[in-house]
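Colleague:
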Amino acid sequence: MNSEYMTDIPKRAIALGMFDSVHIGHRRILNSVTEIKGCIPSVFTFSANSVMRKHGQDYKFVYTDEQKLSIMKKLGISEVFSEDFSEVCLLSGEEFVSGILKKRLNAEYIVCGEDYRFGHNASCGISELKMLGEKYSIKVCVTDAVYSGGEKVSSTLIKKMLTDGRVKEASQLLGGNYYISQTVTEGNRIGRTIDFPTINQNFCENQLIPAFGVYCSKTTVCGREYASVTNIGVKPTVERDIKPLAETHILDFSGDLYGETAEVSLINFIRGERKFAGIDELKKQISDDIKEAEKPSYQTSEICRYKMR
């Protein structure tokens, strides 16, 4: 091996990928990294907001960088290198492997899925990765895809499920309930005037937004989990020209949560968002939504959670 790569940097086993939803296929890759002895289990990925287009289309990510990091840490990953895509995308495949993975990170192993692409304009695939791995003394491990119901588990499939309101199905492939984790922002406080106070959470720019509508949910705040009802959309009855957001009424909770981070897990889809004739009609519907959400059939998520270490 060339002496320029002989450094005191610790050896790493590195998972490669975007991991934008950290679904059960991604978790197979991450799990493989944590099982490699004598190396720091690590991830090399890209910051979600730095990727504008993917496969010729505008890119929408499922989970924020903070959510990805949180899930990966729970799965046993010690280090996450989340790079700006613009700083890497012009590198050739060999420059990426030799300059970043070997020289900078001292990769002993790299693990990825069978469809992993890298290098300028995604010009390199698994065959090139194995060739470069041999050249730079990096062991390359390729994991098989995961299938569910005959379909390959992918972020594309999960995004389609979420935008269709099939949140329960999406959560099965995610390995846990789809969730929103954002700071609580101040709204118009109309919910307080109709006896249904809510917390508002904004989505990030370029983040995928699930189908507009009402969901049975569970909200974790201040270390406690509460049953809740969440509306995702633009609140057409009481607002005009606002960005889509998540508005959640937490059952059996009272208190000021402005500035706090709340984790809202969507369990089941109840109904689509619609505009009501007035506040009284809206108030009645919210009451009906809460009763619906409290039914055992909605409260049970039936999610088989992926084992976290």
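Sequence positions in the sequence shown follow the working numbering and run -1 to 307. The beta-carbon is built from N, C-alpha and C at its ideal position, and this holds for glycine as well.
For Val49 versus Tyr61, is the C-beta distance shorter than 7 Å?
Modeller: No.
Colleague: Give the DSSP-derived three-state secondary structure of Ser19 in the structure shown.
Modeller: Note: Ser19 maps to coil in three-state DSSP.
Colleague: Mind listing, in chain order, the continuous beta strand (DSSP E) runs of no fewer than 3 residues lying wholly within the segment 66 to 99?
Modeller: Listed in chain order, the complete beta strand (DSSP E) runs (minimum 3 residues) inside the segment 66 to 99 are 77 to 81.
Colleague: Using the C-alpha atoms, what's the distance from Leu130 back to Tyr224?
Modeller: Their Cα atoms are separated by approximately 51 Å.
Colleague: Determine the extent of the beta strand (DSSP E) in which Glu261 is found, giving its start and end residues.
Modeller: Element bounds for Glu261: 259 to 270.
Colleague: Can you tell me whether DSSP reads Asn175 as helix, strand or coil?
Modeller: In this structure, Asn175 counts as coil in the three-state DSSP scheme.
Colleague: Using the C-alpha atoms, what's the distance from Leu67 back to Glu85?
Modeller: Each residue's alpha carbon lies about 20 Å from the other.
Colleague: Tell me which residues share the same chain as Ile156 and place their Cβ nearer than 7 Å to its Cβ, disregarding the 5 neighbours each side in the sequence.
Modeller: Same-chain partners within the cutoff: Ser19, His21, Val60, Ala168, Leu171, Leu172.
Colleague: How many angstroms separate the CA atom of Pro242 from the CA atom of Phe267?
Modeller: Between Pro242 and Phe267, the C-alpha separation is close to 17 Å.
Colleague: Is it true that the segment 174 to 186 meets the segment 21 to 32, where meeting means three or more beta-carbon pairs spaced less than 8 Å apart?
Modeller: No contact exists between the segment 174 to 186 and the segment 21 to 32.
Colleague: Tell me the residue span of the beta strand (DSSP E) that contains Ser40.
Modeller: Run containing Ser40: 38 to 44, per the beta strand (DSSP E) assignment.
Colleague: Tell me the residue span of the alpha helix (DSSP H) that contains Leu249.
Modeller: Where Leu249 is concerned, there is no enclosing alpha helix (DSSP H), given that its DSSP letter is neither H nor E.
Colleague: Any contact of the segment 93 to 101 with the segment 131 to 138, i.e. 3+ C-beta pairs under 8 Å?
Modeller: Contact holds: three or more Cβ-Cβ distances are below 8 Å.
Colleague: From Val165, Phe116, Thr217, Asn204, pick the residue whose C-alpha is nearest to that of Ser90; which is it?
Modeller: Per the Cα distances, Phe116.
Colleague: Relative to the alpha-carbon of Ala244, which residue among Arg272, Leu14, Ile69, Ile197 has its alpha-carbon at the smallest distance?
Modeller: Answer by Cα proximity: Ile197.
Colleague: Is there contact between the segment 25 to 45 and the segment 105 to 113, where contact requires at least three CB pairs shorter than 8 Å?
Modeller: They touch, by the three-pair rule.
Colleague: Alpha carbon to alpha carbon, how far is Val182 from Lys128?
Modeller: Val182 and Lys128: Cα-Cα distance of roughly 46 Å.
Colleague: Looking at the structure shown, is Leu255 part of a helix, part of a strand, or coil, going by DSSP?
Modeller: Coil, per DSSP.
Colleague: Tell me which residues share the same chain as Glu258 and place their Cβ nearer than 8 Å to its Cβ, disregarding the 5 neighbours each side in the sequence.
Modeller: Correct list, in chain order: Thr181, Val182, Val219, Cys220.
Colleague: Kindly list the residues whose CB is nearer than 8 Å to the CB of Asp162, restricted to its own chain and excluding five residues on each side of it in sequence; keep chain order.
Modeller: Cβ within range, chain order: Ala209.
Colleague: Here's the rule I'm using: 16 or more other beta-carbon atoms within 10 Å means buried, otherwise exposed. How should Ile12 be labelled?
Modeller: It is buried - the Cβ of Ile12 has at least 16 other Cβ atoms within 10 Å.
Colleague: Quick one: residues in its chain with C-beta nearer than 8 Å to the C-beta of Val151, no 5 flanking neighbours on either side, listed in chain order?
Modeller: Cβ neighbours of Val151 beyond the five flanking positions: His21, Ile22, Gly23, Ala143, Val144, Tyr145, Leu171.
Colleague: Whole angstroms are fine: how far does the CA of Phe44 sit from the CA of Phe204?
Modeller: Phe is not the amino acid found at residue 204; the sequence shown has Asn there. The alpha-carbon atoms of Asn204 and Phe44 are separated by roughly 14 Å.
Colleague: For Ile265, which of Asp250, Ala291, Asp287, Ile38 has the nearest alpha-carbon?
Modeller: Here the closest residue by C-alpha is Ala291.
Colleague: When burial is assigned at 16 or more other CB atoms within 10 Å of the CB, is Pro294 buried or exposed?
Modeller: Pro294 is exposed by the Cβ-count criterion.
Colleague: Spell out the partners DSSP gives Gln205 in its beta bridges.
Modeller: Looking at the DSSP assignment, Gln205 forms a beta bridge with Phe59.
Colleague: Less than 7 Å between C-beta atoms, sequence neighbours within five positions excluded: which residues of the same chain meet that for Pro39?
Modeller: Cβ neighbours of Pro39 beyond the five flanking positions: Ala11, Val31, Thr32, Gly74, Ile75, Ser76.
Colleague: Within the 7 Å Cβ cut-off, does Met129 reach chain B?
Modeller: Among the chains of the structure shown, chain B does not appear; only one protein chain is present.
Colleague: Alpha carbon to alpha carbon, how far is Val165 from Ser263? Give it in angstroms, no decimals.
Modeller: Rounded to whole angstroms, Ser263 to Val165 spans 10 Å at the Cα level.
Colleague: What first and last residue would you give for the beta strand (DSSP E) that runs through Ala11?
Modeller: Ala11 -> beta strand (DSSP E) spans 10 to 14.
Colleague: Nearest to Asp286 by alpha carbon, out of Tyr213, Lys100, Met16?
Modeller: Nearest C-alpha to Asp286: Tyr213.
Colleague: Looking at the structure shown, is Glu149 part of a helix, part of a strand, or coil, going by DSSP?
Modeller: Three-state result, Glu149: strand.
Colleague: Just the Cα atoms here: how many angstroms apart are Asp113 and Leu280?
Modeller: Answer to the nearest angstrom: the Cα atoms are 48 Å apart.
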